[in-house]
Structure formats: structure tokens, C-alpha cells
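For the record, in the sequence shown the residue sitting at position 255 is 255 according to the working numbering, with numbers rising by one throughout.
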Amino acid sequence: MIQLMILPAIFFLSKDTISINFKKIDRTSILFTSFIILGIFVALLNLYYGNFQNSFSQNISNNSSLMQSFITIMRETIVYIYMFIIFVFIFNKLLNKREDLIKFFKYFRIIFLSSLVIGYFLLLYYFFFDTNLLPRQLNYGIQNNVDVGFRFMGLFGEPRDAMVCLAIGLSVISIEQLYLRKIGLINFYKKSYYLNLIFILLAFYLTDSGSAIIAVLLFLIFLFFHFIIITKFNLKILFFLSMGILYFSLILSSSRTELYYYELMKIPEYMQGNYGQDFILYTQFNNILPIWLVIENIISMNLIPVLYGNGFGSSAYVSFSHLGEFYEGEFENPHSQVSRIVFETGIIGSFLWYFLFITPLLRFSKILLKREYVFISVIFIFSFSSMLAHRNPEMFLLIGILIAVYNHCSKIKN
């Protein structure tokens, strides 16, 4: 319903609002365009050679049609372009005034924190009544067989959806504090912000999600490289890395971690088609299989798909070889964005994706004090890692907000 409201509204915007100045194309737009060209070109090339129907390196016919594969490629391409237009291009065209950006932050904060409070209420309700008051996802309807347990969901969807939404919300309200301070409306970050930060991180932990483990692991890796390679190392950076490791240890103490560990040890058996009734990872295997195939390509020195990927939509066509009845007749896209990026666009596309998000962040090093830049980088990289662990429709929102805030702050500095 939201899309039906947004799409017609775009056509009623003034020409000045949606016009493009090709002389002032942002570096972010160039990186995004390069990413799109790579993904669709490689996809169409693989479609021409029949690799979609042959499950790529698995060499197993999956009975898909050329038209079905072509629609998947175009759908994925359009989704990327649509989200970038809405959350980066249109966002910055509409919120180019200080008052508009302040209002956006205000309404976002109200809605996000209200959802957070509702999430804690639903968690307490389960604690006392041992019942999920809302289903795992509202669009699924009532599912009597699904008991999520004592895990944080809120109105964000199932726990893994809540995990990434919490991380995105944390970045938005953090960037709001930065912006309000830069324009002189506050002198220091509000105490309520730090209280919200604690409750958000606690809710993130209480999602008890496997995606959360991946998110924090990616966070530590990206944080290390960002500060060691790009920024001069200091004690504050060491503090954030230590806190990240401590938080990761807390996440690993989850009751589900041991279960995931023993299941991951069985992956080689599953790859041989050996699984029984206790095939717990079957709902996650469409996230694991693309990464596994990339590793196999590296070992066998099949480096072209490793470098350039297999094209948009390709990760949905590799779930047939070893999953048997669980995926018979279905084309399951991975929930994990990192699985899609690595398999579909390769090493080159993965670097384009990384710099697409990091480039707007790096600009802030020019206008912020070192301690401010370190703090906002930690929060942003945490959200970026969470969006890699689990795909989210608002993934480009943070790019749009960073560009908008930077443009406003640059005007103030000038």
C-alpha cells in the first residue's frame, strides 16, 4: 500500500525536484551505477549460456524457464534501482531544507521508539503468559504452529527482521543527534539518546537471531579495517573494538548458538545429500549454499564467477542440488544480503557495495572532530553489517540520510 502511494506521488513532483544535473553526479551514484551494470550484465550473460537453468556450478537442471529467470533478473535490478531512487535521490531532493530534515528525524524517532516500546510490551506479555500476542510476521497471519519464544520482535517482523530494523533505527537517531548538534539546537547528545541506545542494543540481543551473530561478527571485521587502514588507531578505537568483542561474546552465549554450531559442522554431510528429519538448517540453507559454492569455486580456481559473480537473481537458482524435497519447485532468494552480494556480483561487486555505503561516511571525517567521527562510524558500521547479515528494504536509507546531513553541515561550515 505504501508503494502504491509513493509511485504516483513521484509523477506529481515538479521537474526541478526530480531533475538530474549530470555535471554534478555524486560519487555514490557512480558506484551504484557501476554495481547495477555489473550485476545485470553478468546475469544476462549467464542467462544466454543457460547457467540459470543449469544451477551454475552445480550442473543440475532445475526445470526453470528462460522467461522465469529473465523476470527474476529484472525484478532484482528494478528493486535495487527503485530503493536507491526513493531513499537516496528523492530523499535528498525533498529534504533539502533544514526544517524538512528536522521534521523527518522527529517523526522517524517517534515511530521507531514507539515500535521499540511495543516490542518490549510483547516480550513481557510472552514472559507472563507464554504466548506470542502477535504472529511471527503480520503478513503471514495467525500461525498456530510457530512459537517464536521469548525473543524480541515488536512490529518489525520476525526476530531477524527486528535485528536489522533496530540497527537501522539506531543509526538514524544517532545521525539526528549529530545533526542537531552541528546546527546548534543542542550542545551535547541528549541523555535520552544514550538510554535509547541501551534499550536498542538490549533488544538487538534479545532477538536471539542467528543473523545477529553474523551481523556482530561482520561489524568487528569492518570496524577493524575501517579504523586500522583508514583512520589512525587510538585508545577510543580500542575501547569500541573491545566493547564490540564483549557484545559479540554476549551474543554467542545465546541458547541457539550451540545449536547453530553443531548444525554448521554437518554442512559437508548435507552437501552430499545426507540429511534426515532433524535437518534444522533447511530454512537457512539458501543463505549458506551460495557462499559454499563461492568457496568451491575458489578451491577449484574457477575465478571468473568469484571475481564478477553470477548476476542478479542467480543466488535463487542454486537451491536444488542438495535440498531435495525442501525446495522442490521453488526458487528461494537468500535472506542474507551478503550471500546475494558475494555470489551475484563477486569480489568486484562486493567492493562496490562496501564503498557505496562507506564513501558518504568518509566525507564526515573532514567536518567532524575525531571523537565525533569515530562514534558515528561505529554506529553506522554496526548498521551496515546488520544489513549485510539480513536483507532489508530500507537498506539505502542510511546513504540518503548521510548525504543529506553532510550537505546541510557543509553549508553551515561554508
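All residues carry an ideal CB built from backbone N, CA and C; glycine is no exception.
Check: Secondary structure at V318, three-state DSSP: helix, strand or coil?; Outcome: coil
Check: Along the chain, where does the alpha helix (DSSP H) containing S57 start, and where does it finish?; Outcome: Counting along the chain, S57 falls outside any alpha helix (DSSP H), and DSSP gives it neither H nor E.
Check: Starting from D147 and walking both ways along the alpha helix (DSSP H), at which residues does that stretch end?; Outcome: Run containing D147: none; DSSP gives neither H nor E here.
Check: With three or more C-beta pairs closer than 8 Å as the rule, is the stretch 337 to 345 touching the stretch 282 to 302?; Outcome: yes
Check: Mapping DSSP to helix, strand and coil, what is I367?; Outcome: coil
Check: Whole angstroms are fine: how far does the CA of L123 sit from the CA of F32?; Outcome: 39 Å
Check: Could you tell me the boundaries of the alpha helix (DSSP H) in which G313 lies?; Outcome: Taken as a continuous stretch (DSSP letters only), G313 belongs to no alpha helix (DSSP H), as it is neither H nor E.
Check: Can you tell me the Cα-Cα spacing of I78 and I86, whole angstroms?; Outcome: 12 Å
Check: Taking the CB atoms as reference points, tell me whether T345 and L38 lie closer together than 7 Å.; Outcome: yes
Check: Pick helix, strand or coil for P360, following the three-state DSSP scheme.; Outcome: helix
Check: Going straight from the alpha carbon of S254 to that of Y247, what length do you get?; Outcome: 12 Å
Check: From L4 to I10, what does the alpha carbon distance come to, in whole angstroms?; Outcome: 11 Å
Check: How should D147 be labelled, buried or exposed, when 16 other C-beta atoms within 10 angstroms of its C-beta is the threshold for buried?; Outcome: exposed
Check: Could you work out which residue in L201, H226, L217 is closest to L361 when comparing CA atoms only?; Outcome: H226
Check: Hey, quick one: how far does the alpha helix (DSSP H) through Y82 stretch, first residue to last?; Outcome: 66 to 84
Check: Just to confirm the assignment, what range does the alpha helix (DSSP H) spanning Y189 have?; Outcome: Neither: Y189 is in no alpha helix (DSSP H) and is coded neither H nor E.
Check: Can you name, in chain order, every residue of its own chain whose Cβ lies under 7 Å from the Cβ of M163, other than the five neighbours on each side?; Outcome: F204, T207, S209, S211, A212, A215, S386, H390
Check: Any chance the CB of F285 is under 6 Å from a heavy atom of the ligand HEM?; Outcome: With respect to the ligand HEM, the structure offers nothing, as it holds no ligand at all.
Check: Measure the beta-carbon distance from I401 to F219 and round it to whole angstroms, keeping in mind my assumption that it falls under 8 Å.; Outcome: Actually they do not touch by this definition, with Cβ atoms about 19 Å apart.
Check: Can you tell me where the alpha helix (DSSP H) holding V172 begins and where it ends?; Outcome: 159 to 182
Check: I'd like to check one pair, Y189 with Q177: are the Cβ atoms closer than 7 Å?; Outcome: yes
Check: Within 10 angstroms of its Cβ, does M153 collect 16 or more other Cβ (buried), or is it exposed?; Outcome: buried
Check: Taking the alpha carbon of C409 as the reference point, which residue from S115, F331, F104, I175 has its own alpha carbon closest?; Outcome: I175
Check: Do I81 and G313 have their CB atoms nearer than 7 Å?; Outcome: no
Check: Taking the straight line between their C-alpha atoms, what separation do you get for I6 and M301?; Outcome: 46 Å
Check: Would F396 and F156 be called neighbours here (beta carbons separated by less than 7 Å)?; Outcome: no
Check: Do the CB positions of V318 and F56 come within less than 7 Å of each other?; Outcome: yes
Check: Helix, strand or coil for R136 per DSSP?; Outcome: coil
Check: In terms of alpha-carbon separation, which member of S65, G119, P8 lies closest to F331?; Outcome: S65
Check: Between I347, F355, L250, which has its C-alpha nearest I295's C-alpha?; Outcome: I347
Check: In terms of alpha-carbon separation, which member of I379, L369, V378, L197 lies closest to R181?; Outcome: L369
Check: Comparing alpha-carbon positions, which option in L217, Q284, G311, I186 lies nearest L252?; Outcome: L217
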